[in-house]
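Q: Residue numbers (this note's numbering): 298 to 575.
Ideal placement from N, C-alpha and C gives every residue a C-beta, glycine not left out.
None of these values were measured; they are calculated from a predicted model.
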Ligand code: NDP
């Protein structure tokens, strides 16, 4: 087993991730891909996962060019209930330990009125929620041993109800419930594993822009900066990240003090005439 210093004493900068062993899910595109590149520049050891092998190969090559201590991938779908454990086992076999687990992947969903497809909600819960639970459970012995961190990427839609994303929103609220409860238990039980929940606003990834740009009035924030903020918040063992901070922070505050006003403002931000029922 490799001797790697623990993350327990709060690091002052992301350079503290040098030599740390990190799993990033959903790393073949978008924010996950950008997190892989930042971690590579920080000289971390990386294990990346997503479904598309060809994309993962290219991301791994780039990570090695950027300075990763090591980089490899496991391809597969989180719809497969056995896959989360396969990924964690790969980390165990390769490194014999783990310092940070970054849970970031999401399955495909629609941006539209809910069409009554309960099967889709069930499938999305498996990919976006249950696989996060399964990976954390499988990784916990290693994370405990190394006083590591779990970073859970969620969304404004996991704190505040927003239209046209009902199944997605349900999976993100579930993450908040589960991981906020687990954080209490770790503290009560003196388990020195941090849990950081990342609440993101609209980010300029290809998939997000393609899905929603015709229907919402906001300008997306940059994925590169977002990725760095997520890594920093995990390294600093923060409870929650709100990014972009003033947007997310003020919406969460409004939710608590003026929920009806907030709901009206949210609805006015959508070009509903551009949403064609499917
Ligand atoms: P992308 O769609 O760009 O990336 C999603 C990643 O998940 C890809 O690597 C994809 O790779 C992987 N993936 C998709 N389906 C599966 C599956 N069944 N099994 C395993 N992996 C899968 O998403 P973003 O980068 O935009 O989002 C990243 C995170 O940020 C998500 O948790 C999202 O909810 C959150 N977020 C994003 C916002 C935004 O505006 N972009 C706003 C709020 C939150 P592959 O296809 O190769 O499997």
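Where does residue 484 land, buried or exposed, given buried means 16+ other C-beta within 10 angstroms?
A: Looking up residue 484 in the chain shown gives position 187. With fewer than 16 Cβ atoms within 10 Å of its Cβ, residue 484 is classed as exposed.
Q: Are the Cβ atoms of residue 384 and residue 369 separated by less than 8 Å?
A: For the purposes of this step, residue 384 is taken as residue 87 along the chain shown, with counting starting at 1. For the purposes of this step, residue 369 is taken as residue 72 along the chain shown, with counting starting at 1. Cβ distance not < 8 Å, so residue 384 and residue 369 don't count as in contact.
Q: Could you tell me the distance, in whole angstroms, from the CA atom of residue 473 to the CA atom of residue 511?
A: Start at 1 with the first residue of the chain shown, and residue 473 comes out as number 176. Start at 1 with the first residue of the chain shown, and residue 511 comes out as number 214. Looking at the two C-alpha atoms, the distance is approximately 29 Å.
Q: Where does residue 340 sit, in a helix, a strand or coil, going by DSSP?
A: For the purposes of this step, residue 340 is taken as the residue at position 43 of the chain shown. Here residue 340 sits in coil by DSSP.
Q: At a threshold of 7 Å, does residue 492 count as lining ligand 1 (C-beta to nearest heavy atom)?
A: Translated into the one-based positions of the chain shown, residue 492 becomes position 195. Checking the Cβ of residue 492 against ligand 1 gives no.
Q: How big is the Cα-Cα spacing for residue 560 and residue 415?
A: Position 263 of the chain shown, counted from the first residue, corresponds to residue 560. Position 118 of the chain shown, counted from the first residue, corresponds to residue 415. Rounded to whole angstroms, residue 560 to residue 415 spans 25 Å at the Cα level.
Q: Considering Cα atoms alone, identify which of 312, 353, 313, 575 is closest to residue 321.
A: Here residue 321 refers to the residue found at position 24 when the chain shown is read from its first residue. Of 312, 353, 313, 575, the residue nearest in Cα terms is 353.
Q: Taking the alpha-carbon positions, what's the residue 412 to residue 555 distance?
A: As a working note, residue 412 is residue 115 in the chain shown. As a working note, residue 555 is residue 258 in the chain shown. Those two C-alpha atoms are separated by around 30 Å.
Q: Under 8 Å: do the region 429-437 and the region 525-535 share three or more Cβ pairs, one atom per stretch?
A: Taking 8 Å as the limit for Cβ pairs, the verdict is that the region 525-535 does not touch the region 429-437.
Q: For residue 404, which option in 396, 424, 395 has the closest C-alpha, if you only look at C-alpha atoms?
A: To locate residue 404, count along the chain shown from 1; it is residue 107. For residue 404, the nearest C-alpha among the options comes from 424.
Q: If contacts are defined as beta-carbon pairs under 8 Å, then residue 471 and residue 499 qualify, I think. What distance do you get, rounded to the angstrom?
A: For the purposes of this step, residue 471 is taken as residue 174 along the chain shown, with counting starting at 1. For the purposes of this step, residue 499 is taken as residue 202 along the chain shown, with counting starting at 1. At roughly 21 Å, the Cβ-Cβ gap does not stay under 8 Å, so residue 471 and residue 499 are not in contact.
Q: Quick one, which of 342, 398, 544, 395 has its alpha-carbon nearest residue 238's?
A: Here the chain comprises residues numbered 298 to 575, so residue 238 is not present and cannot be evaluated.
Q: Quick one: give me the first and last residue of the alpha helix (DSSP H) that residue 439 is part of.
A: For this step, residue 439 is matched to residue 142 along the chain shown. From DSSP, the alpha helix (DSSP H) with residue 439 extends over 428-443.
Q: May I ask you to check if the CB of residue 288 is nearer than 7 Å to at least one heavy atom of ligand 1?
A: It is not possible to answer for residue 288, since the shown part of the chain is limited to 298 through 575.
Q: When the Cα atoms are used, what is the spatial distance from residue 313 to residue 336?
A: In the chain shown, the residue the question calls residue 313 occupies position 16. In the chain shown, the residue the question calls residue 336 occupies position 39. Distance between the alpha carbons of residue 313 and residue 336: 11 Å.
Q: List the DSSP bridge partners of residue 370.
A: Here residue 370 refers to the residue found at position 73 of the chain shown. For residue 370, which the question treats as bridged, DSSP gives the partners 345.
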